[in-house]
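All the letters of the sequence shown, read from the start, carry residue numbers 47 to 328 under the numbering used here. Just below is one structure, and these are the notes that go with it.
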Amino acid sequence: MKILITGAGGQLGRELVRALAPEHQLIVKTRAELDVVDEEEVMRAVRESSPDVIVHAAAFTQVDLAEQHIEQAFAVNAFGTRNVALAAKNARALMVYVSTDYVFDGTKGCAYVERDRTNPVNIYGQSKLLGEKFVQMICERFYIARTSWLYGASGSNFVTKVLALAKQRSELQMVNDQFGSPTYASELAGFIREALGRNQYGVFHVSNRGCCSRYEFAQEILNIAGLNTVKLVPVGADGFPLPAVRPVRSDLDDEAIRNNGFTRLNTWQESLRSFLLEDLRY
Ligand SMILES: NC(=O)c1ccc[n+]([C@@H]2O[C@H](COP(=O)([O-])OP(=O)(O)OC[C@H]3O[C@@H](n4cnc5c(N)ncnc54)[C@H](OP(=O)(O)O)[C@@H]3O)[C@@H](O)[C@H]2O)c1
47 MKILITGAGG
57 QLGRELVRAL
67 APEHQLIVKT
77 RAELDVVDEE
87 EVMRAVRESS
97 PDVIVHAAAF
107 TQVDLAEQHI
117 EQAFAVNAFG
127 TRNVALAAKN
137 ARALMVYVST
147 DYVFDGTKGC
157 AYVERDRTNP
167 VNIYGQSKLL
177 GEKFVQMICE
187 RFYIARTSWL
197 YGASGSNFVT
207 KVLALAKQRS
217 ELQMVNDQFG
227 SPTYASELAG
237 FIREALGRNQ
247 YGVFHVSNRG
257 CCSRYEFAQE
267 ILNIAGLNTV
277 KLVPVGADGF
287 PLPAVRPVRS
297 DLDDEAIRNN
307 GFTRLNTWQE
317 SLRSFLLEDL
327 RY
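Here it is, written out as structure tokens:
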């Protein structure tokens, strides 16, 4: 298949290139090569390459910055996604949009399934949800893959930040009252690779299985990496005031993956172990 990837220079974008390159013909577009906010540019790029699939991984992902740059967050995540969806429709291409657990408000008290009511509590979540709605309104054939707490070998993420801090400090404070599902970017890319060979379109929750707090996540990172001398201090989120409100508990249940017979992702602990031992070689 001929596959166009947006945001190919990002954390997930790089994993997608790695996962899809062996079997498919890729048209790889970093932000410098394709700004999804520019409708004309998006239309031209898609017209000229006529892909079978567009995997739209480009996004404004700085959750706190989005609170101050509301227009920009919506321009990229909502209207940029609309541009990509329109171009996919014109090209009769399958659209794959990567979304987020932050479309939920975190008050359910247990893991969210795909059909749960969305109610984002911050600008990032609102802009990504509007992106979902554009995809659903415009595209006949689409996957919306909602993921959460993403980490991978490239890019700055919670795992690489904890490892870097652990090398500088003897004590780290970690929030113990916000919960979610960490997700290894290469497994999300693996889901997308599998989905391209099927026609069971729709909304899918694609995160590693299980749920933890940021504190528990950090503890597991330090244990696996053998950095046990660093002391972790649990703190409440109110001790870490940030511009964007976060959902208290937004882990994702992979009901659609199970019901449609897709390969389930590993538990978050198994994947974290693979990432640290195999990718980062701890
Ligand atoms: N990271 C997470 O924890 C997380 C959680 C849930 C869902 N997601 C979703 O997963 C997807 C991938 O996230 P990620 O972690 O790979 O994020 P990332 O590393 O920030 O990658 C996003 C990429 O999009 C690019 N981009 C930004 N604005 C653009 C524009 N106007 N046109 C084209 N490209 C643009 C960025 O370029 P620059 O770096 O040059 O700005 C970056 O390369 C996103 O849809 C995100 O919303 C992420």
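Think of the CB as a built atom: it goes at the ideal place given N, C-alpha and C, for glycine as much as any other residue. Remember, it's a predicted structure, so these values are computed and weren't measured experimentally.
*Reducing DSSP to helix, strand and coil, say where G59 ends up.*
For the purposes of this step, residue 59 is taken as the residue at position 13 of the sequence shown. In this structure, G59 counts as helix in the three-state DSSP scheme.
_ligand 1 and G226: does the residue's C-beta get closer than 6 Å to at least one heavy atom of that ligand?_
Here residue 226 corresponds to residue number 180 of the sequence shown, with the count starting at 1. Flag unset: Cβ of G226 not near ligand 1.
*Q71 by DSSP, collapsed to three states: which one?*
By 1-based counting over the sequence shown, the position of residue 71 is 25. Strand.
*Other residues of its chain near K277: CB distance less than 7 Å, five sequence neighbours each side excluded*: As a first step, residue 277 is located in the sequence shown; it is residue number 231 there, counting from the start. Answer for K277: S216, E217, listed in chain order.
*Where G285 falls: helix, strand or coil (DSSP)*: The sequence position of residue 285 within the sequence shown is 239, counting from 1. In this structure, G285 counts as helix in the three-state DSSP scheme.
*What is the C-beta distance between Q224 and V294, in whole angstroms, given that I count them as a contact (C-beta under 8 Å)?*
Position 178 of the sequence shown holds residue 224. Position 248 of the sequence shown holds residue 294. Confirmed, Cβ separation roughly 6 Å.
*Name the residue from V281, C258, A199 whose alpha carbon lies nearest to the alpha carbon of S297.*
For this step, residue 297 is matched to residue 251 along the sequence shown. In the sequence as displayed, the identity of residue 297 is Asp instead of Ser. Taking only the C-alpha atoms, the option nearest D297 is C258.
_Please classify N306 as buried or exposed, where buried requires at least 16 other C-beta atoms within 10 Å of its C-beta._
For the purposes of this step, residue 306 is taken as residue 260 along the sequence shown, with counting starting at 1. Per the 10 Å Cβ criterion, exposed.
*asked:* If contact is defined by three or more beta carbon pairs under 8 Å, each pair taking one atom from either stretch, is the stretch 142–154 in contact with the stretch 89–103?
replied: Judged by pairs of C-beta atoms under 8 Å, the stretch 89–103 touches the stretch 142–154, as three or more such pairs exist.
*asked:* Let's test the definition: count the other Cβ atoms within 10 Å of the Cβ of C185 and tell me whether it reaches 16, buried, or not, exposed.
replied: Counting from one through the sequence shown, the residue named residue 185 turns up at place 139. Counting Cβ neighbours within 10 Å, C185 comes out buried, since at least 16 surround it.
*Which residue from L132, L111, A105, D110 puts its Cα closest to that of A121?*
As a first step, residue 121 must be located in the sequence shown, where it is residue number 75. Out of L132, L111, A105, D110, A105 has the C-alpha closest to the C-alpha of A121.
_Given a cut-off of 7 Å on the beta-carbon distance, is the pair T206 and L234 in contact?_
Position 160 of the sequence shown, counted from the first residue, corresponds to residue 206. Position 188 of the sequence shown, counted from the first residue, corresponds to residue 234. Their beta carbons are not under 7 Å apart, which means T206 does not touch L234 by this criterion.
*Three-state secondary structure (DSSP) at K48?*
Position 2 of the sequence shown, counted from the start, is the residue given in the question as residue 48. Here K48 sits in strand by DSSP.
_Does G334 come out as helix, strand or coil in the three-state DSSP assignment?_
Summary: the structure shown does not reach residue 334, with the chain confined to residues 47 through 328, and so no result is reported for it.
*Could you tell me whether any non-hydrogen atom of ligand 1 is closer than 6 Å to the CB of A191?*
Along the sequence shown, read from residue 1 onward, the residue named residue 191 stands at position 145. Flag unset: Cβ of A191 not near ligand 1.
*Please report how far the alpha carbon of A302 lies from the alpha carbon of S232, in whole angstroms.*
Residue 302 sits at position 256 when you count from the first residue of the sequence shown. Residue 232 sits at position 186 when you count from the first residue of the sequence shown. Cα to Cα, A302 sits roughly 19 Å from S232.
_Taking DSSP's pairing of strands, which residues face T309 in a bridge?_
For this step, residue 309 is matched to residue 263 along the sequence shown. Per DSSP, none; premise fails for T309.
*R319 and S200: beta carbons closer than 7 Å?*
As a first step, residue 319 must be located in the sequence shown, where it is residue number 273. As a first step, residue 200 must be located in the sequence shown, where it is residue number 154. Cβ distance not < 7 Å, so R319 and S200 don't count as in contact.
*Take G282 and list the residues in its own chain whose beta-carbon comes closer than 6 Å to its own, dropping the five residues that flank it on each side.*
Here residue 282 refers to the residue found at position 236 of the sequence shown. Cβ neighbours of G282 beyond the five flanking positions: D223.
*Can the beta-carbon of A157 be found less than 7 Å from the beta-carbon of D299?*
For the purposes of this step, residue 157 is identified with residue 111 of the sequence shown, where counting begins at 1. For the purposes of this step, residue 299 is identified with residue 253 of the sequence shown, where counting begins at 1. Yes, these two residues count as a Cβ contact at 7 Å.
*What number of angstroms, rounded off, separates the C-alpha of L132 from the C-alpha of E87?*
Numbered from 1 along the sequence shown, position 86 holds the residue referred to as residue 132. Numbered from 1 along the sequence shown, position 41 holds the residue referred to as residue 87. Distance between the alpha carbons of L132 and E87 is about 12 Å.
_Proximal residues to V252 (C-beta, below 6 Å), its chain only, five neighbours per side dropped_ = Here residue 252 refers to the residue found at position 206 of the sequence shown. Correct list, in chain order: A191, T193, L234, F237.
_Just to confirm the assignment: which complete beta strand (DSSP E) runs, minimum length 3, are found wholly within the stretch 183–213?_
188–193
*Over the uninterrupted alpha helix (DSSP H) stretch that includes Q265, give me the two end residues.*
In the sequence shown, the residue the question calls residue 265 occupies position 219. Its alpha helix (DSSP H) spans residues 260–271.
*With respect to the beta strand (DSSP E) encompassing L218, which residues constitute its N-terminal and C-terminal limits?*
If you number the sequence shown from 1, residue 218 lands on position 172. L218 -> beta strand (DSSP E) spans 217–221.
_Supposed close pair L72, I49 - CB separation, criterion 8 Å_ = Taking the first residue of the sequence shown as position 1, residue 72 is located at position 26. Taking the first residue of the sequence shown as position 1, residue 49 is located at position 3. Correct: roughly 6 Å between the Cβ atoms.
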